[in-house]
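Asks: This structure is in structure tokens; I'll ask about it shortly.
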Amino acid sequence: MRSAVITGVGLAVTGVRGVQDLLSMRSRDSDVPAEPVVLHTRPTRNRDRASGLALRAAGSALRHAGFLGGGSAVRGELAAVVVSTNFTGLDVACACVDEVRSGSIGEYGPAGPPYTTSDVVAHWVAAEYRLRGPSLTLCNGPTSGLDAMYWARCLVETARATVVVVVGVEPDTTVVARLHGIDGVCRWLDGAAAVVVESAEHADRRGFVARAEVAGYWRMAEVADVLRDARSLGPDIGMYLADGQAGLPGAFDLTRRLGRCSGALGVLQCVVGTSWLDQGASGAVLAIAGGTSAEQTCNDAAVGLLLRTPRWSVTGAL
Amino acid sequence: MSWDITGIGAVAVNGWNAMDIHAALCTGLTGRRSREGDRYRSPHTYRIDDGARMGRGDAGRATKWLCEVVDSALADAGVDTTAVDCPILVGTTMREQRSVELWWIEQQPLTLGELHFGTALRKRFGATRSYTFANGRAASLYSLGLATDLIESGQSDMVVVASTDAITESAAALFDPLPDPARATPWSDRCDHRRILSGEGAAAVVLQREGTGSRCARAKVRGVSLNCDASQGMASDLRSITDAMRQAHARARVSSADIDLVMLHGSGTDLDEHIEMSALSTVFADHDPGPLMTAVRPGGGPALGGSGLLSLVMAVCAMETGAVPPEGGNSHPIAESAGFLMVSRKPVIADVAVAQIDAFGLGGVNAVAIVERSR
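Laid out in structure tokens, this is it:
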């Protein structure tokens, strides 16, 4: 079976200038400044904030993977997109209902109606970068980002795609702010993270050195189950990424500085873990989401994803 | 390789289980109902009559139907429903968005757990491996394709594939059917390309590795293709849809001559209907008159993200009963459908061995499945 590696990462997160900012949060106890990401995308009909953030992060990840700006071309039929989001589209739907109830909804223009569904982000990312392979949108609660990484690996392993752009995104809008408020949460992400997952053979053929390998995935009832099975795989885990309630002393908790990250969390964790491995760190990375630490009433499972230094070199030897 | 369908379940506007829906379609019973209130252009809707009035008791309907169809499909397959340890893949367009609308506009109670189908699936079935794919109108066939991948790659011997959608107020307002019923009939040359039939429903199938189920397969999935137009517009792309059909045949190792029945997507928009028919004209160019063609969306009530899976379930019923349901009255067929054996107005008795199921989402997310009768 083909193995899946990570060849590029990208970010568009309010208050974060780049991956190094996230890595530095591991040691420094500083708050994230609140400057919002200013989007300078060309005007396109109905493009919502989540889509704008996702396009910027996906573009960065593709460039990092050597696909844009004069690099290798993405073969569209074998290039897929997997988006993870829990809140995209809800604000547009609620705005429409406001218009219905106030009697102000009218005929839409020749460009068509606005998108009220969560798959809008995948649509724009696929269109912008001409990704003509499978297009998936995961709306799977707090574990959705790591689940998206799993499905990207599946698409590669089953040869439905050779390159997969994975995006985790959550916008900060009025409706989303009120939804977070249901749980009494007062801080949440406004941003997107993106990862390019590729078959190891494809990366090797174009002479690109992979930055990390997606080496394991577990979806189980509790965090303890995930830890048991991940540790039994054998690798020395040098970095744990989990939120504070996972009960892992020393784990790097991105939500402590960024607030609730919801569907973007798992992809953000993979951006951090990949960058850490890419800087020559020894040991594997285990990212954990969900379980008892999840968004209070959304606790259907705990998920773990293991990243490690890739086994494949540019010569293709194991 | 093929995959056994060992259990089916469905809820639609015209029936509470798969065989009842099939029978209703064959007798021409549609799910069209009068709409309450005057907020919309059309007086009609395809709304499931489960006692809930629009706006009152609406919250949580998609989740409720999802659990019902999963339970029905598991029971049909002879699988214990109390501790489901296989993956459950859910395809949807609107998720539990209707509950969010009611929370926003009417201050009805809501928890974030209620937005996530996984919460209910864990509670009802003990499932810890559920995934929700919000993939537009191709969502359920996308889930089917991914389920075949999970079994083929050895990650599971059984996967439940499900779909559910309750109509939202925002979608009803934006994609309102036209008042004139004739103009809302697919393959009619009077369709407005910016009007899209919307409705609600749920469906589920239990998919198992060949020969591993405790009960005989009701049918077999031979292959599912998945792709994306990657175009800026909302209309379908002829090249992508043609590719999706050909890829499905290749994955299933069948030729177009082997296809006895096509369950059309039938979006109800003239542009997309022309494109689907043009793609079929290309793929089936060497066969005159080609396969029978029908759809469940117009008569049975379109089911948004579940349309593909409901079409598949109806194809299984057609294979078992020998009756292919009609798509409903179509007095103005578009030119591209002229050479095809459209099943309209009344059912056709036919020996269907292999069926093609189409599902094409807005914005260009495409899936095509090939299903074979169980021997």
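Protein chains in written order, with the working numbering: chain A, 557 to 874; chain B, -3 to 371.
Don't be surprised by glycine CBs; every beta carbon is placed ideally from N, CA and C.
So which of A:Asp781, A:Ala621, A:Val823 and A:Cys710 has the shortest CA-CA distance to A:Gly763?
Replies: A:Ala621
Asks: CB-CB under 7 Å to A:Ser838, same chain, minus the five flanking residues each way: which ones, in chain order?
Replies: Gly794
Asks: Counting Cβ pairs closer than 8 Å, one from the region 143 to 161 of chain B and one from the region 205 to 213 of chain B, do we hit at least three?
Replies: yes
Asks: Check for me: the beta strand (DSSP E) holding B:Tyr127 runs from which residue to which?
Replies: Ser126 to Ala130
Asks: Could you say which of B:Asp254, B:Gly301 and B:Ser303 lies nearest to B:Asp282 if we only look at CA atoms?
Replies: In terms of CA proximity to B:Asp282, B:Asp254 leads the group B:Asp254, B:Gly301 and B:Ser303.
Asks: Report the residue ranges of all beta strand (DSSP E) runs contained in full by the region 748 to 804 of chain A; include only those spanning at least 3 residues, in chain order.
Replies: 768 to 776 and 793 to 797
Asks: How would you label B:Thr23, buried or exposed, when you count the other beta carbons within 10 angstroms and need 16 or more for buried?
Replies: exposed
Asks: With DSSP as the reference, please indicate the residues paired to B:Arg369 in a beta bridge.
Replies: B:Ala215
Asks: Going along the region 683 to 702 of chain A in order, which residues come within less than 7 Å of chain B, judged by CB to CB distance?
Replies: Taking 7 Å as the Cβ-Cβ cut-off against chain B, the residues of the region 683 to 702 of chain A that qualify are Ala683, Arg686, Leu687, Arg688, Gly689, Pro690, Ser691, Leu692, Thr693, Leu694, Cys695, Asn696 and Gly697.
Asks: Starting from the beta carbon of B:Ala130, find every residue of chain A whose beta carbon is closer than 7 Å, and list them in chain order.
Replies: Thr673, Ser674, Asp675, Thr693 and Cys695
Asks: On a CA-only basis, which of B:Glu196, B:Gly197, B:Arg218 and B:Gly195 is nearest B:Leu203? Give me that one, please.
Replies: B:Arg218
Asks: Any idea what DSSP makes of B:Gln104, helix, strand or coil?
Replies: coil
Asks: Going straight from the alpha carbon of A:Glu713 to that of B:Ala20, what length do you get?
Replies: 42 Å
Asks: Quick check: what's the CA-CA separation for B:Arg190 versus B:Leu267?
Replies: Residue placement at B:Arg190 is poorly supported in this model, since its pLDDT is 40, which falls under 50; the coordinates still yield a value, given next. Each residue's Cα considered, the two are about 9 Å apart.
Asks: When the cut-off is 8 Å and only beta carbons count, does B:Ile101 lie next to chain A?
Replies: Interface residue (Cβ-Cβ distance to chain A less than 8 Å): B:Ile101 is classified as such.
Asks: Whose CA, out of B:Asp161, B:Pro285 and B:Gly109, lies closest to the CA of B:Glu332?
Replies: B:Pro285
Asks: Is any beta-carbon of chain A found at less than 8 Å from that of B:Val220?
Replies: no
Asks: Under the rule that 16 or more other beta-carbon atoms within 10 Å means buried, what is B:Asp54, buried or exposed?
Replies: buried
Asks: Using 10 angstroms around the beta-carbon of B:Gly295, count the other beta-carbons present and answer buried if the total reaches 16, otherwise exposed.
Replies: Reliability fails at B:Gly295, whose pLDDT of 48 lies under 50, so the model's placement of it is uncertain and no value is given.
Asks: Which complete alpha helix (DSSP H) runs does the region 251 to 306 of chain B hold, if anything under 4 residues is left out?
Replies: 266 to 279 and 293 to 296
Asks: For B:Ala213 and B:Ile44, what's the separation of their Cα atoms in angstroms?
Replies: 29 Å
Asks: Quick check on B:Ile4: does DSSP put it in helix, strand or coil?
Replies: strand
Asks: Is the CB of A:Asp856 under 8 Å away from at least one CB in chain B?
Replies: yes
Asks: Run through chain A and tell me which residues come within less than 7 Å of B:Cys224, C-beta to C-beta.
Replies: Against chain A, a Cβ distance below 7 Å from B:Cys224 picks out Ala682, Leu687, Arg688, Gly689, Pro690 and Ser691.
Asks: Specify the secondary structure class of B:Phe113 as computed by DSSP and reduced to three states.
Replies: In the structure shown, B:Phe113 falls within a helical segment according to DSSP collapsed to helix, strand and coil.
Asks: Please name the residue in B:Ala79, B:Val86, B:Phe113 and B:Cys82 whose C-alpha comes closest to that of B:Ser95.
Replies: B:Phe113
Asks: Does the count of Cβ pairs from the region 133 to 141 of chain B and the region 860 to 868 of chain A closer than 8 Å reach three?
Replies: no
Asks: Since B:Ala158 meets chain A, which of its residues come closer than 8 Å, beta carbon to beta carbon?
Replies: One finds nothing in chain A with a Cβ atom closer than 8 Å to the Cβ of B:Ala158; even the nearest lies about 14 Å away.
Asks: Out of B:Asn131, B:Trp(-1), B:Asp233 and B:Ile101, which has the shortest C-alpha to C-alpha gap to A:Thr673?
Replies: B:Asn131
Asks: If we ignore side chains and look at the alpha-carbon of each, how far apart do A:Arg816 and A:Val741 end up?
Replies: 8 Å
Asks: B:Glu97 versus chain A: which residues are under 7 Å apart at the beta carbon?
Replies: Ala649, Cys650 and Val653, listed in chain order.
Asks: Do A:Arg709 and A:Val765 have their CB atoms nearer than 8 Å?
Replies: Between A:Arg709 and A:Val765, the C-beta gap is not smaller than 8 Å, which leaves the two residues out of contact.
Asks: What did DSSP end up calling B:Gln352 once you bin it into helix, strand or coil?
Replies: strand
Asks: Buried or exposed, going by whether 16 or more other CB atoms sit within 10 Å of the CB of A:Ala850?
Replies: Here A:Ala850 scores only 48 on pLDDT, less than 50, and its place in the model should not be relied on; the value that follows carries that caveat. So A:Ala850 counts as buried.
Asks: Between the C-alpha atoms of A:Tyr671 and A:Leu789, what's the straight-line distance to the nearest angstrom?
Replies: 43 Å
Asks: A:Leu810 by DSSP, collapsed to three states: which one?
Replies: coil
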